[in-house]
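Undergrad: Mapping of the sequence shown onto my numbering: position 590 corresponds to residue 591, and the numbering continues sequentially without gaps.
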Amino acid sequence: MAVTVAAAAREERRETPAPPGTPALLPERLRRARPLFDRAIVGRAALSAFGKLNPARLRKNPVIFVVEVGAALTTVLVARDAAAGRPGLAFGLQIGLWLWFTVLFANFAEAMAEARGKAQADSLRQTKTRVMATREAKGGGTESVPGSALRAGDIVVCEAGDTIPGDGEVIEGVASVDESVVTGESAPVIRESGGDRSAVTGGTRVLSDRIRVRITSNPGETFLDRMIALVEGASRQKTPNEVALNILIAGLSLIFLLVVATLDPFAASAVAAAGAGRVPAVTVLVALLVCLIPTTIGGLLSAIGIAGMDRVMQHNVLAMSGRAVEAAGDVHTLLLDKTGTITLGNRHAVEFLPVGGVEEAELADAAQAASLADETPEGRSIVVLAKQRFRLRGREVADPAARFIPFSAQTRMSGVDLGGRQLRKGASDAVVAFVRGRGGAVPAGFAEVVERVARTGGTPLAVADGPRLLGVIHLKDVVKGGIKERIAQLRLMGIRSVMITGDNPLTAAAIASEAGVDDFLAQATPKDKLDYIRREQAAGRLVAMTGDGTNDAPALAQADVGLAMNSGTVAAKEAGNMVDLDSNPTKLIEVVAIGKQLLITRGALTTFSIANDVAKYFAIVPAMFMGSYPSLAALNIMRLHTPQSAILSAVVFNALIIVALVPLALRGVKYRPQSASAMLRRNLLVYGLGGLVAPFPGIWAIDRLLVWLHLV
2 MAVTVAAAAR EERRETPAPP GTPALLPERL RRARPLFDRA IVGRAALSAF GKLNPARLRK
62 NPVIFVVEVG AALTTVLVAR DAAAGRPGLA FGLQIGLWLW FTVLFANFAE AMAEARGKAQ
122 ADSLRQTKTR VMATREAKGG GTESVPGSAL RAGDIVVCEA GDTIPGDGEV IEGVASVDES
182 VVTGESAPVI RESGGDRSAV TGGTRVLSDR IRVRITSNPG ETFLDRMIAL VEGASRQKTP
242 NEVALNILIA GLSLIFLLVV ATLDPFAASA VAAAGAGRVP AVTVLVALLV CLIPTTIGGL
302 LSAIGIAGMD RVMQHNVLAM SGRAVEAAGD VHTLLLDKTG TITLGNRHAV EFLPVGGVEE
362 AELADAAQAA SLADETPEGR SIVVLAKQRF RLRGREVADP AARFIPFSAQ TRMSGVDLGG
422 RQLRKGASDA VVAFVRGRGG AVPAGFAEVV ERVARTGGTP LAVADGPRLL GVIHLKDVVK
482 GGIKERIAQL RLMGIRSVMI TGDNPLTAAA IASEAGVDDF LAQATPKDKL DYIRREQAAG
542 RLVAMTGDGT NDAPALAQAD VGLAMNSGTV AAKEAGNMVD LDSNPTKLIE VVAIGKQLLI
602 TRGALTTFSI ANDVAKYFAI VPAMFMGSYP SLAALNIMRL HTPQSAILSA VVFNALIIVA
662 LVPLALRGVK YRPQSASAML RRNLLVYGLG GLVAPFPGIW AIDRLLVWLH LV
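#1: Excluding the 5 residues flanking residue 499 on each side, which residues of the same chain have their C-beta closer than 8 Å to its C-beta?
#2: Thinking just about the alpha-carbon of each residue, which of 409, 344, 465 is nearest to the one in residue 439?
#3: Based on Cα-Cα distance, which residue from 259, 422, 468 lies nearest to residue 1?
#4: Determine the DSSP secondary structure at residue 490, reduced to helix, strand or coil.
#5: Does residue 68 come out as helix, strand or coil in the three-state DSSP assignment?
#6: Going by Cα to Cα distance, which pick from 43, 417, 322 is closest to residue 373?
#7: Output yes or no for whether 8 Å exceeds the beta carbon distance between residue 364 and residue 471.
#8: Identify whether residue 168 lies in helix, strand or coil by the three-state DSSP scheme.
#9: Could you name each continuous alpha helix (DSSP H) segment of 4 residues or more that falls completely within the region 557-622, going from the start of the chain to the end?
#10: Taking C-beta to C-beta, are residue 151 and residue 104 nearer than 8 Å?
#11: Check the C-beta distance from residue 297 over to residue 621 and give it rounded, since I have them as a contact under 8 Å.
#12: Check whether the region 383-395 and the region 342-356 are in contact - that is, three or more C-beta pairs closer than 8 Å.
#13: Using the C-alpha atoms, what's the distance from residue 116 back to residue 291?
#14: Could you check what DSSP says for residue 192 in three-state terms: helix, strand or coil?
#15: In its own chain, which residues sit with a C-beta less than 7 Å from the C-beta of residue 587, not counting the 5 before and 5 after it?
#16: What's the C-alpha gap between residue 492 and residue 483?
#17: Taking just the CA atoms, how far does residue 47 sit from residue 41?
#18: So does the region 141-156 actually touch the region 694-703, counting three or more Cβ pairs closer than 8 Å?
#19: Run through DSSP, which three-state label would residue 343 get?
#20: Measure the C-alpha to C-alpha separation of residue 285 and residue 646 and round it to an integer number of angstroms.
#21: Hey, quick one: how far does the alpha helix (DSSP H) through residue 1 stretch, first residue to last?
#22: Residue 528 lies in the alpha helix (DSSP H); which residues open and close that run?
#23: I need the boundaries of the beta strand (DSSP E) containing residue 358, first residue and last residue.
#24: Can the beta-carbon of residue 545 be found less than 8 Å from the beta-carbon of residue 367?
#25: Note the first and the last residue of the continuous beta strand (DSSP E) segment covering residue 501.
#26: For the alpha helix (DSSP H) holding residue 297, just list the boundary residues, first then last.
#27: Whole angstroms are fine: how far does the CA of residue 575 sit from the CA of residue 599?
#28: To the nearest angstrom, how far is the alpha carbon of residue 480 from that of residue 176?
#29: How long is the line joining the alpha carbons of residue 258 and residue 251, rounded to whole angstroms?
#30: Can you tell me whether residue 77 is buried or exposed? The criterion is at least 16 other CB atoms within 10 Å of its CB, across all chains shown.
#31: For residue 548 and residue 525, which I take to be in contact (beta-carbon distance under 8 Å), what is that distance rounded to the nearest angstrom?
#32: What does the Cβ neighbour count give for residue 369, buried or exposed, with the cut at 16 atoms within 10 Å?
#33: Ends of the beta strand (DSSP E) at residue 438?
#34: For a quick check, are the C-beta atoms of residue 689 and residue 602 less than 8 Å apart?
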């Protein structure tokens, strides 16, 4: 049996995690930076804003629905006064127009967020082509059918140059597949039957070889179909926090509606008692109501949620719901796989440690011979280290009597029988049992060497030649650069990081210490992961984790945020509520940051909205009642010119502030990892105090402008 360079080349072509610092590999059509106010998007959003004036659609947003009712009522009253020839039409007309503008601006904010998603969806639709599929007929042979005719369970054959007609799982063969249509990654990946690399996505293209694929989705249910529906917002449902906030602002609107409704009889009785003054007009009461209710956050709330989903997609993560993104922002515990997330994933041999008087060169020679058929990165690194240290060339083993022993989960060893020698390498306890089974003994100091390697975070591989135990190979798993700083950022966010690994506790403890994680779960089985998540959730904590294999599916389904790798199995992708198209396990940290940014943006703009209403009280309340209660003139601290200019200025500011905050709602408040108390202080200072102060100069300036333009 010959071991050639081709075997190593095949391994090199397999997928490997992107090195640290590699940017997200968005498809070019999605990654291409769009200006926030792209002309095409703005045009689409402007048209959509008028379409959203339909009361049947707008009633889902109770605050803006109240504004629309007020605008319609004001319009009717102005039309009535115009028909009756009454004076003062200009003031009522301006109030009515600005109330309609308020509704349109709120609709525009939501439409802008939706338009950006629809632009992405249109780009994705271009990837869906009408393809023909070679389906295996039930009676034998094959038949050519349109891809749209395929159903779950059908078997198709795909050869080099074919487009895979639907989502499925490779059941036979191995092929190189171009997945750039989904991930934007130009390098082909290997898809093969069995294991965690069997899932294929419709629309991707086979570059070499031949595979048989079992279709797992029906038309309209493919991965691309779901991506299109999700990025354009068609499947977006309001999250629990968003629903709760909607109830709060609807409740505030109802309270202020009752307050304003009682002002008319209150003002009438006050005028009658004083024998002076004037009862505020209905138009003025409507203006007061609109300025009192939290119209700013009511107009921006939906846009904030849609934009949060959009930001996740910009990181090439497909979120199945807004709830998953929001949950990411509230995560308490983050489960991170060691391999590929904490560490680079490919362990490398760094030293040979002989025992029992064996020379290091003899150990290196035996280790290299036992690794010649090992195509894993670990096996190749052993061959390379032996060459570097002792100039031992990789040998082509062509002896017909040579018998290679592949690694198996049962034996936990691999090696070769060659020239009467039984060369083995593997887990220390497995190799010790192998040696003792052939009448050999364990040299003194072997256990100490194994423990020393494990304590440093390495993996000890024992090497034996029949009954002789020669020594240990030190495999080191390199911790990713910068991961310790990122874990520290998580801790600053109040998130507890837990490393999951199949390593023994000593190795796990060393890696955990080097990476700076808060805890670790060693020798973890699928059940261990599931039990750990359930314990955390029982304690009231939200849990996030990543996974790519079928064995990860139960834990991904149980976690509050389950980020499945696109390169993983269909079971893993179906179980998770997010899919990372780049298959980069560290992406979970970015997802958590996006979730927190969503929550912070919503909280910050809610704080700003409620705070800036205070300034409107100082504008409208004195203007309404100064005639009846002259002492209220003391509250006119902005020295607004007339009651009409004060009321109109407040209404204009109320409309324009929504437009001014649209970019912030779409981009999100900049997130900095910091403690909850520091974040609260910052938001209260910037958005609480800012929301309180900003309307005063704004309303004052609008008042001066209206007077200068002779509009009041």
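Beta carbons are placed, not taken as given, at the ideal position from N, Cα and C, and that holds for glycine.
TA: Looking at the atomic coordinates:
#1: Here the question's residue 499 lines up with position 498 in the sequence shown. Taking residue 499 as the centre and dropping the five residues before and after it, the same chain places the C-beta of 334, 335, 336, 337, 518, 519, 520, 521, 522, 533 closer than 8 Å to its C-beta, in chain order.
#2: Within the sequence shown, residue 439 is the residue found at index 438, counting from 1. Comparing C-alpha distances from residue 439 to each of 409, 344, 465 shows the shortest one belongs to 465.
#3: Given a span of 2 to 713 for the chain in the structure shown, any question on residue 1 remains unanswerable.
#4: Residue mapping note: residue 490 aligns to position 489 of the sequence shown, counting from 1. Per DSSP, reduced to three states, the secondary structure at residue 490 is helical.
#5: Taking the first residue of the sequence shown as 1, we reach residue 68 at position 67. Helix, per DSSP.
#6: Translated into positions along the sequence shown, residue 373 becomes position 372. Nearest to residue 373 by alpha-carbon distance, out of 43, 417, 322, is 417.
#7: Working through the sequence shown from its first residue, we reach residue 364 at position 363. Working through the sequence shown from its first residue, we reach residue 471 at position 470. For residue 364 and residue 471, yes; Cβs fall inside 8 Å.
#8: Residue 168 sits at position 167 when you count from the first residue of the sequence shown. Coil, per DSSP.
#9: Within the region 557-622, the complete alpha helix (DSSP H) runs of at least 4 residues are 571-576.
#10: Here the question's residue 151 lines up with position 150 in the sequence shown. Here the question's residue 104 lines up with position 103 in the sequence shown. Cβ atoms of residue 151 and residue 104: not closer than 8 Å.
#11: Counting from one through the sequence shown, the residue named residue 297 turns up at place 296. Counting from one through the sequence shown, the residue named residue 621 turns up at place 620. No, residue 297 and residue 621 are not in contact; Cβ-Cβ is about 16 Å, not under 8 Å.
#12: By the Cβ rule, the region 383-395 counts as touching the region 342-356, because three or more pairs are nearer than 8 Å.
#13: Taking the first residue of the sequence shown as 1, we reach residue 291 at position 290. Taking the first residue of the sequence shown as 1, we reach residue 116 at position 115. About 27 Å.
#14: Here residue 192 corresponds to residue number 191 of the sequence shown, with the count starting at 1. Residue 192: strand per DSSP, three-state reduction.
#15: If you number the sequence shown from 1, residue 587 lands on position 586. Scanning its chain for C-beta atoms nearer than 7 Å, with the 5 sequence neighbours on each side dropped, one finds around residue 587 the residues 342, in chain order.
#16: Taking the first residue of the sequence shown as 1, we reach residue 492 at position 491. Taking the first residue of the sequence shown as 1, we reach residue 483 at position 482. Distance between the alpha carbons of residue 492 and residue 483: 15 Å.
#17: By 1-based counting over the sequence shown, the position of residue 41 is 40. By 1-based counting over the sequence shown, the position of residue 47 is 46. Looking at the two C-alpha atoms, the distance is approximately 10 Å.
#18: Contact check between the region 141-156 and the region 694-703: fewer than three CB pairs, one atom from each, fall below 8 Å, which does not count as touching.
#19: Against the sequence shown, residue 343 aligns to sequence position 342. Three-state result, residue 343: coil.
#20: Within the sequence shown, the letter at position 284 stands for residue 285. Within the sequence shown, the letter at position 645 stands for residue 646. Rounded to the nearest angstrom, the gap between the Cα atoms of residue 285 and residue 646 is 12 Å.
#21: Any property of residue 1 remains undetermined from this structure, which presents the chain solely from 2 to 713.
#22: As a working mapping, residue 528 is identified with position 527 in the sequence shown. If you look at residue 528, you'll find it in the alpha helix (DSSP H) that goes 527-539.
#23: Numbered from its first residue, the sequence shown carries residue 358 at position 357. Unbroken run through residue 358: none, as it is neither H nor E.
#24: Locating residue 545 in the sequence shown gives position 544, where the first residue counts as 1. Locating residue 367 in the sequence shown gives position 366, where the first residue counts as 1. No Cβ-Cβ contact shorter than 8 Å links residue 545 with residue 367.
#25: Mapped onto the sequence shown, residue 501 falls at position 500. Following the DSSP letters along the chain, one finds residue 501 inside the beta strand (DSSP E) bounded by residues 497-501.
#26: In the sequence shown, the residue the question calls residue 297 occupies position 296. Per DSSP, the unbroken alpha helix (DSSP H) holding residue 297 starts and ends at 296-315.
#27: The residue given as residue 599 occupies position 598 in the sequence shown. The residue given as residue 575 occupies position 574 in the sequence shown. Separation of residue 599 and residue 575 (C-alpha to C-alpha, rounded to the nearest whole angstrom) is 25 Å.
#28: To locate residue 480, count along the sequence shown from 1; it is residue 479. To locate residue 176, count along the sequence shown from 1; it is residue 175. Computed Cα separation, rounded: 31 Å.
#29: As a working note, residue 258 is residue 257 in the sequence shown. As a working note, residue 251 is residue 250 in the sequence shown. Distance from the CA atom of residue 258 to the CA atom of residue 251, rounded to whole angstroms, is 10 Å.
#30: Indexing the sequence shown from 1 puts residue 77 at position 76. Classification of residue 77: exposed, given that the 10 Å Cβ count is below 16.
#31: For the purposes of this step, residue 548 is taken as the residue at position 547 of the sequence shown. For the purposes of this step, residue 525 is taken as the residue at position 524 of the sequence shown. Their Cβ separation, rounded to whole angstroms, is 11 Å, which puts residue 548 and residue 525 out of contact at 8 Å.
#32: Sequence index remark: in the sequence shown, residue 369 carries index 368 (1-based). Around the CB of residue 369, 16 or more other CB atoms lie within 10 Å, so the residue is classed as buried.
#33: Locating residue 438 in the sequence shown gives position 437, where the first residue counts as 1. Segment 429-438 is the alpha helix (DSSP H) holding residue 438; no beta strand (DSSP E) there.
#34: Taking the sequence shown and counting its residues from 1, the one referred to as residue 689 is at position 688. Taking the sequence shown and counting its residues from 1, the one referred to as residue 602 is at position 601. Going by C-beta atoms, residue 689 is not nearer than 8 Å to residue 602.
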